[in-house]
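Visitor: Letter by letter, the sequence shown follows residues 1 to 511 in the numbering used here.
No residue lacks a Cβ here, since even glycine has one placed at the ideal position from N, Cα and C.
All values reported here derive from a predicted model rather than from experimental measurement.
Below is the structure I would like to discuss, written out as structure tokens.
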Amino acid sequence: MSNRTYLTTPIYYASGAPHIGHAYTTILADALARFSRQRGDDVLFLTGTDEHGQKIQEEAERRGMQPIELCDAMADRFRAAWEQLEIGFDRFIRTTEAEHRGVVEAFVQRLYDRGHIYEGSYAGWYCVHEERYWTQKDLGEGQTCPDCGRPVQEIEEKNWFFRMGAFQEALVAHIEAHPDWIRPEVRRNEVLGFLQQPLGDLSISRPRSRLHWGIPLPFDPDHVTYVWVDALINYLTASGAIDPALGAEAPGFDDPSASWWPADLHIIGKDILTTHAVYWPTLLMGAGLPLPRRILAHGWWVVGETKMSKSLGNVIDPLELRETFGTDAVRWYLLREMPTGSDASYTPERFLVRYDELAKVWGNLAQRAISMIVRYREGTVPDGDAGGLDPEIALTLDAVEAALAADRLHEALAAAMDLARTANGYVETREPWAQAKDPTRAGDLDDTLATLARLLGVLSALFEPVCPERSAELARRLGLPAVPTIEAARMDAPTGRTVEKGDPLFPRVEL
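This is how it looks when you write it as structure tokens:
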């Protein structure tokens, strides 16, 4: 029986276009999903769009359109971007779907029925862009949002509140009992630091008199569900645990085991860590549901010392890079350059360094190895000993598995590229061109070419989660019906297979 893996990205706010930050998160999730599928896991990979809230309502009004029209257009734009970037999601969720609305209503009704929601009033400062309240202490001497720097509004209104503080001790105990629940460790420590202060209750509603674009509370139709609560519940909706037709009495609340819940991995940016590591788990505790198994909070892409931000005008469009360098080059750069969990700085120079790595190490190895099989053995992999690089392959696969287990994908990719470098060194040491000139060394040449053919199959498998297009092309040139799994490639016997030359996998780019 295969393992089941449920992993998620955040759902992206539908008021803006996809940028390199969205692309990084989604490509990271896609690569991890592909590695899981290679191991034979059943995978549910979820992404989608967050479509309610005041930002959507105001942006639609500014454009002279209905909110759902804006959401439809932006959802299509995200879908198209992910297709161009070879994102193999299994489910694209939209929070305007009827199923999601039903699950949100069931979830908040469940909290209400269990006594975890009460009516109260709020007076303070509100940021429309971040859709959150701030206290005067949060603001300090200024009147701008601590997160985005935009002006805040003073608001006093009736809200419904979730008794989040009642679950503070249970959440701290969970984090301390599960050291790897939040990765990297620095983010875990941030959350524990945040939880050293008393945890206030969470406003989970907004009055419809101010905001109509949201999911009404089932117990108070004059209020809509706070967009962050609405958005977080998408992970539960997609799992299939809650039948919206059965509402708060759905059996999945008490036994979700027949569904995909709990999620195995939430992949998020560090800026939404509190919502995922504090709001979400306490809400789940209130509903009586198990918590997600792990949270991976990655860093930001920065330009110089500044985070990429649409409002600052310094975002990079991944689709523009794709037009010049190809999809796989964009995916490789993003995942290879950013140490998983840390910040990384985008520069055109570093992009070219990573592109050259693909072209001059992996691409060059494939080109020269296949060319020599064509030249010296008429395109057929000879009956030689293909185990010339077995120790190096074994060490690489161990390193890849260890890196993936530690959520350090960049190290797994470095190990794969180092294997390609080792193979290029193997070519230089073996000197197949010299072997080909000496009839007494025909067996040595067969061993060299067979080893290289097998090694290229292993590399096509190792690179496939990040470079699916070029890996598939390399597998085709090697005479394989498809990119093999890593284990199948390791055990492969390439003798007798016909190979085919082609253009460089990563051609030189004229800028």
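Where do the ends of the beta strand (DSSP E) carrying Tyr-24 lie?
Guide: Taking the first residue of the sequence shown as 1, we reach residue 24 at position 24. Element bounds for Tyr-24: not the beta strand (DSSP E) but the alpha helix (DSSP H), 20 to 38.
Visitor: Which first and last residues belong to the alpha helix (DSSP H) in which Leu-236 is found?
Guide: The count along the sequence shown starts at 1 and reaches residue 236 at position 236. Note, Leu-236: alpha helix (DSSP H), 234 to 239.
Visitor: Count the C-beta pairs between the stretch 329 to 339 and the stretch 271 to 289 that are closer than 8 Å, then say yes if the count reaches three, no if not.
Guide: Judged by Cβ distances under 8 Å, the stretch 329 to 339 makes no contact with the stretch 271 to 289, as fewer than three pairs qualify.
Visitor: Let me confirm a value: Leu-523 is counted as buried when at least 16 other C-beta atoms fall within 10 Å, else exposed. Which label applies?
Guide: Nothing about residue 523 can be read from this structure; the chain reaches only from 1 to 511.
Visitor: Could you tell me if Tyr-118 is buried or exposed, where buried requires 16 or more neighbouring beta carbons within 10 angstroms of its beta carbon?
Guide: As a first step, residue 118 is located in the sequence shown; it is residue number 118 there, counting from the start. So Tyr-118 counts as exposed.
Visitor: Within its chain, find whatever has a CB closer than 7 Å to the CB of Pro-225; leave out the 5 residues flanking it on each side and keep chain order.
Guide: Counted from its first residue, the sequence shown places residue 225 at position 225. In the sequence under discussion, the amino acid at residue 225 is Thr, which differs from the Pro named in the question. Here the set comprises Val-104, Val-108, Ile-204, Ser-205, Gly-214, Ile-215 and Leu-217.
Visitor: Rounded to the nearest angstrom, what separates Glu-154 and Leu-139 at their Cα positions?
Guide: Mapped onto the sequence shown, residue 154 falls at position 154. Mapped onto the sequence shown, residue 139 falls at position 139. Their backbone Cα atoms lie some 12 Å apart in a straight line.
Visitor: State yes or no: is the C-beta of Thr-340 within less than 8 Å of the C-beta of Leu-409?
Guide: If you number the sequence shown from 1, residue 340 lands on position 340. If you number the sequence shown from 1, residue 409 lands on position 409. Taking 8 Å as the Cβ cut-off, Thr-340 and Leu-409 qualify as a contacting pair.
Visitor: Taking just the CA atoms, how far does Gln-38 sit from Met-1?
Guide: Residue numbering aside, residue 1 sits at position 1 when the sequence shown is read from its first letter. Residue numbering aside, residue 38 sits at position 38 when the sequence shown is read from its first letter. In this predicted model, Met-1 has a pLDDT of only 43, less than 50, meaning its place in the structure is not dependable; the value taken from the coordinates is given anyway. Between Met-1 and Gln-38, the C-alpha separation is close to 15 Å.
Visitor: Along the chain, which unbroken stretches of the alpha helix (DSSP H) at least 4 residues long are found entirely within the stretch 140 to 207?
Guide: Whole alpha helix (DSSP H) segments, 4+ residues: 168 to 177 and 185 to 194.
Visitor: Could you tell me the boundaries of the beta strand (DSSP E) in which Thr-47 lies?
Guide: Mapped onto the sequence shown, residue 47 falls at position 47. Note, Thr-47: beta strand (DSSP E), 42 to 50.
Visitor: Roughly how many angstroms lie between the CA atoms of Leu-70 and Ala-14, to the nearest whole one?
Guide: Indexing the sequence shown from 1 puts residue 70 at position 70. Indexing the sequence shown from 1 puts residue 14 at position 14. Cα-Cα distance, rounded: 8 Å.
Visitor: Mind checking which residues open and close the beta strand (DSSP E) that includes Trp-125?
Guide: Locating residue 125 in the sequence shown gives position 125, where the first residue counts as 1. Counting along the chain, the beta strand (DSSP E) containing Trp-125 begins and ends at 117 to 127.
Visitor: Please identify the residue among Gly-299, Trp-160, Asp-230 and Arg-94 whose C-alpha is closest to the C-alpha of Arg-187.
Guide: Position 187 of the sequence shown, counted from the start, is the residue given in the question as residue 187. Here the closest residue by C-alpha is Gly-299.
Visitor: From Tyr-528 to Ile-272, what distance separates their C-alpha atoms?
Guide: There is simply no residue 528 to check, as the chain begins at 1 and stops at 511 in what is shown.
Visitor: Do you know offhand how far Leu-7's Cα is from Ser-342's?
Guide: Here residue 7 refers to the residue found at position 7 when the sequence shown is read from its first residue. Here residue 342 refers to the residue found at position 342 when the sequence shown is read from its first residue. Each residue's Cα considered, the two are about 20 Å apart.
Visitor: Is Glu-465 helix, strand or coil when you go by DSSP?
Guide: Taking the first residue of the sequence shown as 1, we reach residue 465 at position 465. Per the sequence shown, residue 465 should be read as Pro rather than Glu. Coil at Pro-465, not helix or strand.
Visitor: On a Cα-Cα basis, can you pick out the residue from Phe-92, Leu-171, Leu-456 and Gly-102 that is closest to Ala-248?
Guide: Numbered from 1 along the sequence shown, position 248 holds the residue referred to as residue 248. Checking every option, the nearest Cα to that of Ala-248 belongs to Gly-102.
Visitor: Along the chain, where does the beta strand (DSSP E) that runs through Val-509 open and close?
Guide: Counted from its first residue, the sequence shown places residue 509 at position 509. From DSSP, Val-509 is part of no beta strand (DSSP E); its letter is neither H nor E.
Visitor: Grab the span of the alpha helix (DSSP H) containing Gly-247 for me, first residue to last.
Guide: Position 247 of the sequence shown, counted from the first residue, corresponds to residue 247. Where Gly-247 is concerned, there is no enclosing alpha helix (DSSP H), given that its DSSP letter is neither H nor E.
Visitor: Roughly how many angstroms separate the alpha carbons of His-266 and Gly-48, rounded to a whole number?
Guide: As a working mapping, residue 266 is identified with position 266 in the sequence shown. As a working mapping, residue 48 is identified with position 48 in the sequence shown. Distance between the alpha carbons of His-266 and Gly-48 is about 13 Å.
Visitor: When every heavy atom of the ligand SAH is checked, does at least one fall within less than 7 Å of the C-beta of Arg-208?
Guide: The ligand SAH is not part of the structure shown, which contains no ligands of any sort.
Visitor: Are Leu-419 and Leu-452 close, meaning C-beta to C-beta below 8 Å?
Guide: Here residue 419 is taken as the residue at index 419 of the sequence shown, counted from 1. Here residue 452 is taken as the residue at index 452 of the sequence shown, counted from 1. Not closer than 8 Å, so no.
Visitor: Can you check whether the CB of Ile-175 is closer than 8 Å to the CB of Leu-202?
Guide: Counting from 1 along the sequence shown, the entry for residue 202 is found at position 202. Counting from 1 along the sequence shown, the entry for residue 175 is found at position 175. No, the Cβ-Cβ distance between Leu-202 and Ile-175 is not below 8 Å.
Visitor: Which class does Phe-78 belong to by DSSP, given the choice of helix, strand or coil?
Guide: For this step, residue 78 is matched to residue 78 along the sequence shown. The answer is helix: DSSP assigns Phe-78 an H, G or I state.
Visitor: Under the three-state reduction of DSSP, which class applies to Met-1: helix, strand or coil?
Guide: As a position in the sequence shown, residue 1 is number 1, starting the count at 1. Here the model assigns Met-1 a pLDDT of 43, short of 50, so the residue's position is not dependable, and the following value carries that caveat. It is coil, neither helix nor strand.
Visitor: Please report the straight-line C-alpha distance between Asp-444 and Ala-29, rounded to a whole angstrom.
Guide: One-based indexing of the sequence shown puts residue 444 at position 444. One-based indexing of the sequence shown puts residue 29 at position 29. So the alpha carbons of these two residues sit roughly 43 Å apart.
Visitor: What first and last residue would you give for the beta strand (DSSP E) that runs through Asp-222?
Guide: Along the sequence shown, one-based indexing puts residue 222 at 222. Counting along the chain, the beta strand (DSSP E) containing Asp-222 begins and ends at 220 to 225.
Visitor: Starting from Trp-301, trace the beta strand (DSSP E) both ways and give me its first and last residue.
Guide: Here the question's residue 301 lines up with position 301 in the sequence shown. Element bounds for Trp-301: 301 to 303.
Visitor: Does Ile-215 come out as helix, strand or coil in the three-state DSSP assignment?
Guide: Against the sequence shown, residue 215 aligns to sequence position 215. In the structure shown, Ile-215 sits in coil (DSSP, three-state: anything other than H, G, I, E or B).
Visitor: Name the one or two DSSP bridge partners that Ala-344 has.
Guide: As a working note, residue 344 is residue 344 in the sequence shown. Trp-301.
Visitor: Please classify Val-43 as buried or exposed, where buried requires at least 16 neighbouring CB atoms within 10 angstroms.
Guide: The residue labelled residue 43 in the question sits at position 43 within the sequence shown. Val-43 is buried by the Cβ-count criterion.
Visitor: Is the Cβ of Gln-197 closer than 8 Å to any Cβ of chain B?
Guide: The chain labelled as chain B is not found in the depicted structure, where only one protein chain is given.
Visitor: Taking 8 Å as the cut-off, decide whether the C-beta atoms of Asp-492 and Gly-457 are in contact.
Guide: Residue 492 sits at position 492 when you count from the first residue of the sequence shown. Residue 457 sits at position 457 when you count from the first residue of the sequence shown. Against a cut-off of 8 Å, the Cβ pair of Gly-457 and Asp-492 comes out as a contact.
Visitor: Pairs of beta-carbons, one from the stretch 435 to 449 and one from the stretch 372 to 385, closer than 8 Å: are there three or more?
Guide: Because the criterion of three Cβ pairs below 8 Å is met, the stretch 435 to 449 and the stretch 372 to 385 touch.
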